[in-house]
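Using the UniProt record's numbering, the first residue of the sequence shown is number 1, and each one after it goes up by one. Built from N, CA and C at the ideal position, the CB exists for glycine as well. Reading through the structure tokens given below for one structure.
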Amino acid sequence: MSTDVPADASHWPPPFLLYLGNAPDDLAAKTARGLVQFRPEWCVGQFRGPECRTSVHVPDMDFAQARAAGANTMIVGVANAGGRLGAEAVADIVAALDAGMNVASGLHERLASHPEIVEAARRNGRHLFDARTPPPTPVGNGLPRAGRRLLTVGTDCSTGKMYATLALEAEMRGRGLAADFRATGQTGIFIAGRGIPIDAVIADFISGGIEWLSPERHDGGWDLIEGQGSLFHPSYAGVSLGLLHGAQPDALVLCHEPGRPHMRGLPHYPLPDLAQTLEANLAAARLTSPDVVAVGLALNTSKLDAAAAARACREAEDLLGLPAQDPVRDGVARIVDRLLDAVPC
Numbered sequence: 001m002s003t004d005v006p007a008d009a010s011h012w013p014p015p016f017l018l019y020l021g022n023a024p025d026d027l028a029a030k031t032a033r034g035l036v037q038f039r040p041e042w043c044v045g046q047f048r049g050p051e052c053r054t055s056v057h058v059p060d061m062d063f064a065q066a067r068a069a070g071a072n073t074m075i076v077g078v079a080n081a082g083g084r085l086g087a088e089a090v091a092d093i094v095a096a097l098d099a100g101m102n103v104a105s106g107l108h109e110r111l112a113s114h115p116e117i118v119e120a121a122r123r124n125g126r127h128l129f130d131a132r133t134p135p136p137t138p139v140g141n142g143l144p145r146a147g148r149r150l151l152t153v154g155t156d157c158s159t160g161k162m163y164a165t166l167a168l169e170a171e172m173r174g175r176g177l178a179a180d181f182r183a184t185g186q187t188g189i190f191i192a193g194r195g196i197p198i199d200a201v202i203a204d205f206i207s208g209g210i211e212w213l214s215p216e217r218h219d220g221g222w223d224l225i226e227g228q229g230s231l232f233h234p235s236y237a238g239v240s241l242g243l244l245h246g247a248q249p250d251a252l253v254l255c256h257e258p259g260r261p262h263m264r265g266l267p268h269y270p271l272p273d274l275a276q277t278l279e280a281n282l283a284a285a286r287l288t289s290p291d292v293v294a295v296g297l298a299l300n301t302s303k304l305d306a307a308a309a310a311r312a313c314r315e316a317e318d319l320l321g322l323p324a325q326d327p328v329r330d331g332v333a334r335i336v337d338r339l340l341d342a343v344p345c
């Protein structure tokens, strides 16, 4: 049994059972949803509690059924304020371990902080993986380093930065370009099989953590770095600033959800406008990357109909003079075209 394993999938291999517990809404299950979207071949089923209010549309299974279907690892696929494990979740995790699965979690509260979970892993010879346990990282130094990097930034949290970054990777690889997604959050780590949980890194080491995640590269390729938070979110601006400095990005893509009424979780804070957000991110990025450029906008139009979505993209494009696309509806080909024009090989 191991409770301190590296951020790679060797100790939490697929296939996966996705644990939704009693998730109250779709957003609470975003980790499970991301895995179904980007790694559907790994997801054999979901476990939902009696009060669960969402689904990721894979078969419902209990723990024994999931193990019989080949699941090797149960992923705690939910997120909540504070990242806590409730008593019911702890009991379910013990049951999954007793059924013969490893367990991986991206919550702030560690699996290994619960003796009953540790004991269940020990007696069953299973692994525990806490995705929010960061590796040792250096203090950032801001020294220029070889390679090209793109960072996604946002007007708010949960605007689609991970999805946009993965879509950019897929589009660039489809063109035969070397491009690698660099995960900075728990869902991205589960999708990529590696990464750094940047919101769990001590503040002084955030920029160094990104320098570690995206070191020098000499193959002419791109590191596509998953953004977090927003410079305009009072709770999470710190991690966004550290990402901008550590990434040393050549290019930024701004992510936004049109029509969102306020900053996530803060009804007393309105969203900033697009031009204000973009200029603030460019200004902050110039500290370590003086020549950074913006190359596009990725809009999450999931709550709009097709006509309204097209109108939102057109209006954003007219406002900022950059290609605006919804990665789900439209892909990101035009954004990649602008990237390659702005930062030529």
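Margin query: Helix, strand or coil, according to DSSP, for Val5 in the structure here?
Written below: For Val5, the predicted model reports a pLDDT of 44, less than 50, meaning its position is unreliable; a value from the coordinates is still stated below. In the structure shown, Val5 sits in coil (DSSP, three-state: anything other than H, G, I, E or B).
Next item on the list: Could you give the DSSP three-state label for Trp222: helix, strand or coil?
Entry: Three-state result, Trp222: strand.
Note to self: Please classify Val336 as buried or exposed, where buried requires at least 16 other C-beta atoms within 10 Å of its C-beta.
What the structure shows: Val336 comes out buried.
Notebook entry, point to check: In whole angstroms, what separates the C-alpha of Pro272 from that of Val103?
Noted result: Cα to Cα, the separation comes out at about 39 Å.
Next item on the list: In the DSSP assignment, find the unbroken beta strand (DSSP E) run with His256 in it and report its ends.
Entry: That run of the beta strand (DSSP E) goes Ala251 to His256.
Notebook entry, point to check: Among residues of its own chain, excluding the 5 on either side of Asp341, which ones have a beta-carbon nearer than 8 Å to its beta-carbon?
Noted result: Taken in chain order, the list of residues that qualify is empty.
Check: What distance in whole Å lies between the Cβ atoms of Ile75 and Tyr19, which are believed to be in contact at a cut-off of 8 Å?
Finding: Indeed, because the Cβ distance is near 6 Å, the residues count as touching under 8 Å.
Check: Hey, is the region 265 to 283 in contact with the region 292 to 299, meaning 3+ C-beta pairs nearer than 8 Å?
Finding: Output reads yes: the region 292 to 299 touches the region 265 to 283.
Margin query: From the DSSP secondary-structure annotation, give me the bridge partner or partners of Ile75.
Written below: DSSP output for Ile75 lists Leu18 and Ala104 as bridge partner(s).
Check: Leaving out the 5 sequence neighbours to the left and right, which residues in its chain are closer than 7 Å to Ser207 when beta-carbon positions are compared?
Finding: Hits under 7 Å: Gly140, Gly242, His245 and Gly246.
Checklist line | Per-residue DSSP class, three states only, for Ala23 | finding: The answer is coil: DSSP assigns Ala23 none of H, G, I, E or B.
Notebook entry, point to check: Secondary structure at residue 351, three-state DSSP: helix, strand or coil?
Noted result: The displayed coordinates of the chain run from 1 to 345. Any statement about residue 351 would go beyond what the structure contains.
Margin query: Does Val44 come out as helix, strand or coil in the three-state DSSP assignment?
Written below: In the structure shown, Val44 sits in a strand (DSSP, three-state: E or B).
Notebook entry, point to check: Where DSSP assigns a beta bridge to His268, which residues make up the other side?
Noted result: According to DSSP, which records beta bridges pairwise, His268 is partnered with nothing at all.
Notebook entry, point to check: Mapping DSSP to helix, strand and coil, what is Ala146?
Noted result: In this structure, Ala146 counts as coil in the three-state DSSP scheme.
Next item on the list: Could I get the ranges of all uninterrupted beta strand (DSSP E) runs contained in the region 271 to 330, with 3 residues as the minimum, in chain order?
Entry: Counting whole runs of 3 or more residues, the region 271 to 330 contains the beta strand (DSSP E) stretches 293 to 299.
Check: In terms of DSSP beta bridges, what is Val332 paired with?
Finding: Note: Val332 sits in no beta bridge, so no partner.
Note to self: Quick check on Gly49: does DSSP put it in helix, strand or coil?
What the structure shows: DSSP places Gly49 outside both helix and strand once states are collapsed to three, so it counts as coil.
Checklist line | CA-to-CA distance, Pro270 to Asp92, given in whole angstroms | finding: Approximately 38 Å, taken between the alpha carbons.
Next item on the list: Say whether the region 171 to 178 touches the region 44 to 54, bearing in mind that this needs 3 or more beta-carbon pairs closer than 8 Å, one atom from each stretch.
Entry: The region 171 to 178 vs the region 44 to 54: no contact.
Next item on the list: Determine which residues share a DSSP beta bridge with Val153 and list them.
Entry: Val153 is bridged to Leu254.
Next item on the list: Give the single residue among Gly70, Arg67, Leu111 and Gly176 whose Cα lies nearest to the Cα of Leu85.
Entry: For the residues Gly70, Arg67, Leu111 and Gly176, the minimum Cα distance to Leu85 belongs to Leu111.
Margin query: At the level of alpha carbons, what is the spacing between Arg67 and Leu35?
Written below: So the two alpha carbons sit approximately 18 Å from each other.
Notebook entry, point to check: For Asp180, which residues does DSSP report across the bridge?
Noted result: For Asp180, the beta-bridge partners assigned by DSSP are Asp223.
Note to self: As a quick exercise: from Trp212, Gly229, Leu231 and Ser230, pick the residue whose alpha carbon is nearest that of Asp223.
What the structure shows: For the residues Trp212, Gly229, Leu231 and Ser230, the minimum Cα distance to Asp223 belongs to Trp212.
Next item on the list: Starting from Met61, trace the alpha helix (DSSP H) both ways and give me its first and last residue.
Entry: Premise fails: Met61 is in no alpha helix (DSSP H) and is neither H nor E.
Notebook entry, point to check: Considering only C-alpha positions, which residue in the set Leu17, Ala179, Asp60 and Gly209 is nearest to Arg39?
Noted result: Checking every option, the nearest Cα to that of Arg39 belongs to Leu17.
Item checked: Status (buried if at least 16 other CB within 10 Å, exposed otherwise) for Lys303 -> It counts as exposed.
Margin query: Measuring alpha carbon to alpha carbon, tell me which residue in Asp330, Arg334, Glu315 and Arg329 is nearest Pro323.
Written below: Closest by alpha carbon: Arg334.
Notebook entry, point to check: Is Val343 helix, strand or coil by DSSP?
Noted result: Three-state DSSP puts Val343 in coil, outside helix and strand.
Next item on the list: Please report how far the alpha carbon of Pro261 lies from the alpha carbon of Tyr236, in whole angstroms.
Entry: Within the model, the alpha-carbon separation for Pro261 versus Tyr236 is close to 18 Å.
Check: If you compare alpha carbons, which of Thr73, Thr165, Arg123 and Val94 is closest to Ala251?
Finding: Selection Thr73, Thr165, Arg123 and Val94 evaluated against Ala251 yields Thr165 as nearest (Cα-Cα).
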